[in-house]
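Please read the structure below before turning to the comments.
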Amino acid sequence: MFNKIIIGIVITCLLPALTFAHGPARQKVMQEIEINASVDKVWSIISNFCSIKDWNPQVTSCEITEGNPEEAGAIRIITLGNGQKLKEKLVKHVPEQNKIQYMLTEPNIEAFPINTHGSTILLSDEGGKTKVVWKGAFYRSFPGPNPPPELSDEAGQKALSGFYIAGLEKIKTLAE
Amino acid sequence: MIHLQTAIAMLLSAISAGLAAAPFAYITNQGSDNVSVIDLASRQVIQTLDVGEKPAGIAVSQTDNRAYVSNPESREITVIDTEKQEVISSVSVGNGPVGIAVSPDGKQTFVSDWYDHAVYIIDNSRLVVSDTIQVGHSPAGLDLSPDGKKLYVAIRDDNNLMVFDWKRKELLETIMVGKAPFGVTVSHEGELVFVANVQSSDISIINSLTNKVIKTVHTGLFPYGIAHDHLGNRIFVTNQRDSTVSVISLDDFKLTHTLAVGEYPEGIDINPERNEIYVANWFDDNLIVINTQSLEIIDEIATGTGSRAFGRFIKFPNSP
Chain A
22 MFNKIIIGIV ITCLLPALTF AHGPARQKVM QEIEINASVD KVWSIISNFC
72 SIKDWNPQVT SCEITEGNPE EAGAIRIITL GNGQKLKEKL VKHVPEQNKI
122 QYMLTEPNIE AFPINTHGST ILLSDEGGKT KVVWKGAFYR SFPGPNPPPE
172 LSDEAGQKAL SGFYIAGLEK IKTLAE
Chain B
46 MIHLQTAIAM LLSAISAGLA AAPFAYITNQ GSDNVSVIDL ASRQVIQTLD
96 VGEKPAGIAV SQTDNRAYVS NPESREITVI DTEKQEVISS VSVGNGPVGI
146 AVSPDGKQTF VSDWYDHAVY IIDNSRLVVS DTIQVGHSPA GLDLSPDGKK
196 LYVAIRDDNN LMVFDWKRKE LLETIMVGKA PFGVTVSHEG ELVFVANVQS
246 SDISIINSLT NKVIKTVHTG LFPYGIAHDH LGNRIFVTNQ RDSTVSVISL
296 DDFKLTHTLA VGEYPEGIDI NPERNEIYVA NWFDDNLIVI NTQSLEIIDE
346 IATGTGSRAF GRFIKFPNSP
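Residue numbers (the working numbering), protein chains in the order written: chain A, 22 to 197; chain B, 46 to 365.
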């Protein structure tokens, strides 16, 4: 009984930390690719927030649960190959700049070992070709120093970089 | 020969006086574990100092030649000599030191600890932790009143601002603000306190006499740091995920301008004498200079990787 109370108190104390706290230093991720197709064509592939299921092989399904997939405020839930889900919000959708910005709203370390993730995909014309730049910033989920390897900054880098590269390569295949 | 030595000595002292007289910016670079020391007159990086791991916060004393850097990953405060531009010491602190501020008299450094839910007070003469104040969950930015008596701490995970009489370790007030408050800046005269609420994308403006939020002003996405332009009666706010700076008038508490800056703008500070605002862009690895009159970016200075400069990062010339 006493032990249960103590455990209860400990869990209660830990809860806010588990919910909110993250690693000490935000990390950058950046990948880019050149595609031999027009900006308009590439934009038509990525413009819809849920089109990621078509252009990122790591995503097996996507569902819009709120809003319009081509307007800021939309919420999507993507499912990864391992069955884990991530909830993300479309923060900006700017057709004039061919820019999409989104963020993770609920972390799931079984999907990626990260606590926050802000991400931007920007298309620019390079003499008729398209340069796609995918930039992201994240905090690892493990709070405090000395994370286990699978929850380290490097693990987050590896997971997100792999996700970006897989997406960019598929967009290139689809557009060309 | 004697004349030559005298001349050299005079020249050297003139050079060092000249160097000490310039305003400097101390920019923490979280990705490269160092601090860029920038001469704000020539806008050149004059020194790059290796500090602890993942440096984030910065506090510069105006009464002596010290600057203090928080290193959350190596859990220490690096002490910099702002005259010689070198690292002189390091103090182990807590488990996740982030926010940092130095008292107006330069005698204490206050460090918020993200994981320990505490503010550690460092005695700057002995360079040891001399006291601890328990606060709410995940304290972030902190600042002091101009008289040095009151300590304001943004409590990120509790959505409030705690106000302490730190000498007596007495909690004077807990003020509810927006969601996930991070940066805190006390106004030049101390009558107002500005809090940047990251997740609700707004600024809470607090009257420091009544400890009440008198206005909440919407900003761009993820507001982070705040600089008070007391001559222009306005504040400048960095919006991390909008790559902008919001300019808010304190005459009517209205957003007057949104300035496009670099990506992930974070640390911000003002040099009223030069009419300049400086913004560290974390993704772009630089510090930009904004003229407060024209509101245009007039220069860009490359820093180390992941420049954050969270805190008051300018060393002003010593007054005569």
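From the three backbone atoms N, C-alpha and C, an ideal C-beta is built for every residue, glycine too. Being a predicted model, the structure only gives us computed values, none of them experimental.
Measure the beta-carbon distance from Thr127(B) to Ala112(B) and round it to whole angstroms, keeping in mind my assumption that it falls under 8 Å. Indeed, because the Cβ distance is near 5 Å, the residues count as touching under 8 Å.
Short-range partners of chain A found in the segment 107-124 of chain B, where Cβ spacing is below 7 Å: Pro117, Glu118, Arg120
Which chain A residues are close to Gly141(B), counting only those with a beta carbon under 7 Å from its beta carbon? Pro45, Gly165
For the candidate residues Gln338(B), Asn326(B), Pro362(B), whose alpha-carbon lies nearest to that of Arg353(B)? Nearest option by C-alpha distance: Asn326(B).
Could you confirm whether any beta carbon from chain A is found closer than 8 Å to the beta carbon of Gln244(B)? no
Completely contained beta strand (DSSP E) runs for the segment 85-164 of chain A, where each covers 3 or more residues: 96-101, 106-115, 120-127, 135-147, 150-161
Between the C-alpha atoms of Asn6(A) and Asn116(B), what's the straight-line distance to the nearest angstrom? Chain A is shown only over 22 to 197; residue 6(A) falls outside these bounds and no answer can be derived.
Tell me whether Thr123(B) is buried or exposed, calling it buried when 16 or more other Cβ atoms sit within 10 Å of its Cβ. buried
Cα separation between Ser65(A) and Ile54(A)? 17 Å
Neighbourhood of His302(B) by C-beta, 7 Å cutoff - its chain only, sequence neighbours within 5 removed: Only residues of its own chain outside the window of five on either side were considered, and among them Val292, Leu340 have a CB closer than 7 Å to the CB of His302(B), listed in chain order.
So which residues on chain B does Gly18(A) lean against when the C-beta distance must stay under 7 Å? This structure leaves residue 18(A) out entirely; chain A is present only between 22 and 197.
With Lys194(B) as the anchor, note down where its beta strand (DSSP E) starts and where it stops. Taken as a continuous stretch (DSSP letters only), Lys194(B) belongs to no beta strand (DSSP E), as it is neither H nor E.
Using three-state DSSP, classify Asp174(A) as helix, strand or coil. helix
Between Arg279(B), Pro191(B), Gln75(B), which lies nearest to Gly349(B) when the distance is taken from Cα to Cα? Gln75(B)
According to DSSP, is Ser77(B) part of a helix, a strand, or is it coil? coil
Residues near Asn278(B) in its chain [Cβ-Cβ closer than 8 Å; skip 5 each side]: Ser294, Leu295, Asp296
Of the listed residues Gly149(A), Met124(A), Leu107(A), nearest to Ile130(A) (C-alpha basis): Leu107(A)
Taking only beta-carbon positions, decide if Gly102(A) is within less than 8 Å of chain B. no
Any idea which residues DSSP pairs Asp126(B) with across the strands? Arg111(B), Glu131(B)
Going by beta carbon distance, what residues of the same chain come within less than 7 Å of Ser72(A), once the five residues before and after it are set aside? These residues qualify, in order along the chain: Ile66.
Using the rule of at least 16 other Cβ atoms within 10 Å of the residue's Cβ for burial, across every protein chain shown, is Ala59(B) buried or exposed? Annotation note: pLDDT 46 at Ala59(B) (below 50); position unreliable, coordinate value reported separately. That one is exposed.
When Cβ atoms are compared, which residues of the segment 348-363 of chain B fall closer than 9 Å to chain A? Thr350, Gly351, Arg353
Can you name the residues that DSSP bridges to Gly102(B)? Phe355(B)
Cβ of Ile32(A) within 8 Å of any chain B Cβ: Low confidence applies to Ile32(A): its pLDDT is 39, below 50, so where it sits in the model is not reliable enough to give any reading.
I'd like to confirm something about Pro268(B): is its beta-carbon nearer than 7 Å to some heavy atom of the ligand COA, or not? The model on display carries no ligand, and the ligand COA is accordingly not part of it.
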